[in-house]
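Chains A and B, in that order, give the protein sequences. Counting from 1, position 46 in the first sequence corresponds to residue 100 in this note's numbering; the numbering is continuous, with no gaps. Counting from 1, position 32 in the second sequence corresponds to residue 338 in this note's numbering; the numbering is continuous, with no gaps. Built from N, CA and C at the ideal position, the CB exists for glycine as well.
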Amino acid sequence: KQEVTQIPAALSVPEGENLVLNCSFTDSAIYNLQWFRQDPGKGLTSLLLIQSSQREQTSGRLNASLDKSSGRSTLYIAASQPGDSATYLCAVRRTRSQGNLIFGKGTKLSVKP
Amino acid sequence: ETGVTQTPRHLVMGMTNKKSLKCEQHLGHNAMYWYKQSAKKPLELMFVYSLEERVENNSVPSRFSPECPNSSHLFLHLHTLQPEDSALYLCASSQRVTKNIQYFGAGTRLSVL
């Protein structure tokens, strides 16, 4: 059974710092991996999606990497800002045909001004 | 705005009540999803609909009854719920079940007394 773990559960950093969020999964047979952001009282916003054949994806100050063989992904946030404060969720998709995303519990990030 | 709208945003109900959650998407998508997000637990997929047909049902108790009358609307009918069913219920849609990106609504915060 696929399980997704995110460490740390919470993280507080000063503004401007570069940071890394970690995601690990137990079954390396995945179709893709996705990072989401969830703000309080709001739904999820997709940030980056990495196909199983890819090593990384970048969008602005965000860079996500994937090491499928070791069951790990990282989300790197450069020059963090208070607006980056949110919960970040990692989710893996098992197969192309199944819509089921397996989520981690998330990392709650707080960026202090 | 993601194009996925959920109503109501908040709902308080007794264990003997019957209520319904509504989800609407104007993205032209053919797949819709219900997720449950409980405190301290990862997001869990409940149901998947593709072209108004239920394609996944992840062992959800029968007190939750989904309905998809057309590809733009998805309902979750609730009856005789338990306090442990209190959670954030999120709806999502995607172009197809096999299409990667799922767009999420803001969710309905449900409290069962």
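Identified DSSP bridge partners for residue i
i                      : result
residue 164 of chain A : A:66
residue 419 of chain B : Bridge partners of residue 419 of chain B: none, in fact.
residue 360 of chain B : B:355
residue 311 of chain B : B:330
residue 88 of chain A  : A:103 and A:145
residue 335 of chain B : Residue 335 of chain B is not bridged to any residue.
residue 321 of chain B : In the DSSP output, where bridge partners are listed per residue, residue 321 of chain B has none listed.
residue 72 of chain A  : In the DSSP output, where bridge partners are listed per residue, residue 72 of chain A has none listed.
residue 58 of chain A  : A:79
residue 467 of chain B : Lying before the first or after the last residue shown, residue 467 of chain B is absent from chain B, which here runs from 307 to 419.
residue 372 of chain B : B:382
C-beta neighbour in chain B for residue i, strict 9 Å
i                      : result
residue 103 of chain A : yes
residue 79 of chain A  : no
residue 156 of chain A : yes
residue 96 of chain A  : yes
residue 146 of chain A : no
residue 46 of chain A  : The structure shown does not extend to residue 46 of chain A, since chain A spans only 55 to 167, so no value can be given for it.
residue 139 of chain A : no
residue 99 of chain A  : yes
residue 127 of chain A : no
residue 165 of chain A : no
residue 150 of chain A : yes
residue 159 of chain A : yes
residue 143 of chain A : yes
residue 74 of chain A  : no
CB contact flag (residue i, residue j, <9 Å)
i                      : j                      : result
residue 333 of chain B : residue 310 of chain B : yes
residue 394 of chain B : residue 343 of chain B : yes
residue 336 of chain B : residue 365 of chain B : no
residue 72 of chain A  : residue 134 of chain A : yes
residue 338 of chain B : residue 399 of chain B : yes
residue 202 of chain A : residue 58 of chain A  : The displayed coordinates of chain A run from 55 to 167. Any statement about residue 202 of chain A would go beyond what the structure contains.
residue 84 of chain A  : residue 146 of chain A : yes
residue 360 of chain B : residue 385 of chain B : no
residue 81 of chain A  : residue 125 of chain A : yes
residue 382 of chain B : residue 329 of chain B : yes
residue 349 of chain B : residue 129 of chain A : no
residue 387 of chain B : residue 413 of chain B : no
residue 151 of chain A : residue 404 of chain B : yes
Closer than 9 Å to chain A by CB, residue i
i                      : result
residue 348 of chain B : yes
residue 396 of chain B : yes
residue 364 of chain B : yes
residue 351 of chain B : yes
residue 370 of chain B : no
residue 354 of chain B : yes
residue 401 of chain B : no
residue 410 of chain B : yes
residue 331 of chain B : no
residue 312 of chain B : yes
residue 413 of chain B : yes
residue 322 of chain B : no
heavy atom of the ligand FMN below 8 Å from residue i C-beta
i                     : result
residue 91 of chain A : Because no ligand of any kind appears in the structure shown, any question about the ligand FMN cannot be addressed here.
* Asked: Quick one: complete beta strand (DSSP E) runs, 3+ long, within the segment 92 to 161 of chain A?
  -> Listed in chain order, the complete beta strand (DSSP E) runs (minimum 3 residues) inside the segment 92 to 161 of chain A are 98 to 105, 110 to 113, 116 to 121, 126 to 131, 140 to 147 and 155 to 157.
* Asked: Given 8 Å as the limit, is there contact between the segment 316 to 323 of chain B and the segment 96 to 103 of chain A, that is, 3 or more CB pairs closer than that?
  -> Counting Cβ pairs under 8 Å, fewer than three are found: no touch.
* Any chance the segment 369 to 384 of chain B sits against the segment 121 to 130 of chain A, with 3 or more Cβ pairs inside 8 Å? -> Put simply, the segment 369 to 384 of chain B does not touch the segment 121 to 130 of chain A. Fewer than three CB pairs are less than 8 Å apart.
* Take every Cβ of the segment 59 to 78 of chain A, pair it with every Cβ of the segment 154 to 162 of chain A, and state whether three or more of those distances are shorter than 8 Å. => Because the criterion of three Cβ pairs below 8 Å is met, the segment 59 to 78 of chain A and the segment 154 to 162 of chain A touch.
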